[in-house]
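Report on the following structure.
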Amino acid sequence: MKITKTENGSGSLCFALEGRLDTNTAPELETAVKDSIDGVKDLTIDMQDLDYLSSAGLRVLLGAQKTMNKQGSMRVTHVNDTIMEIFEVTGFADILTIEKA
Numbered sequence: 004m005k006i007t008k009t010e011n012g013s014g015s016l017c018f019a020l021e022g023r024l025d026t027n028t029a030p031e032l033e034t035a036v037k038d039s040i041d042g043v044k045d046l047t048i049d050m051q052d053l054d055y056l057s058s059a060g061l062r063v064l065l066g067a068q069k070t071m072n073k074q075g076s077m078r079v080t081h082v083n084d085t086i087m088e089i090f091e092v093t094g095f096a097d098i099l100t101i102e103k104a
């Protein structure tokens, strides 16, 4: 998986994900989020080029959402139908702010 981090000076941060967010790659995203999230008011997870999302990836998203609930907002953007179905089946569609592709 490739993670592209874009910071905006006004407390805005975006992670663009490419490939598979699974058991092997979730720790990489978790570390990137934890190392970057201090002081962030608006976090965006861009899934435009994400092909697959596993339960390990969902756990990382949930952790990020819990942190952002305390300090700002988080949204997940460019979600394709396959990933959206995973969010709906797991109930994450009710927890996350999601913008479909």
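Residue numbering for the sequence shown follows our numbering, beginning at 4 and increasing consecutively.
All C-beta atoms in this analysis are idealised placements derived from N, C-alpha and C, irrespective of residue type, glycine included.
In this text the structure is predicted, and so the values were computed from the model without any measurement.
Rounded to whole angstroms, what's the CA-CA distance from C17 to V79? Just pull it up for me.
10 Å
Same chain, Cβ closer than 8 Å to E31, five either side skipped, listed in chain order:
M4, I6
Quick one: which unbroken beta strand (DSSP E) runs of 3-plus residues sit fully inside the region 30 to 62? Chain order, please.
45 to 56
Tell me whether A104 is buried or exposed, calling it buried when 16 or more other Cβ atoms sit within 10 Å of its Cβ.
exposed
Given the structure, does T47 come close to the ligand MG, in the sense that its CB is under 8 Å from one of the ligand's heavy atoms?
With respect to the ligand MG, the structure shown offers nothing to examine, as it has no ligands at all.
If the criterion is Cβ atoms closer than 9 Å, does the pair E91 and V63 meet it?
no
So, under 8 Å CB-CB, G22 and D49 are touching, yes? Tell me the CB distance rounded to an integer number of Å.
Wrong, their Cβ atoms sit about 13 Å apart, outside the cutoff.
So within the region 60 to 93, which uninterrupted beta strand (DSSP E) runs reach at least 3 residues, ignoring any that extend past its ends?
76 to 82
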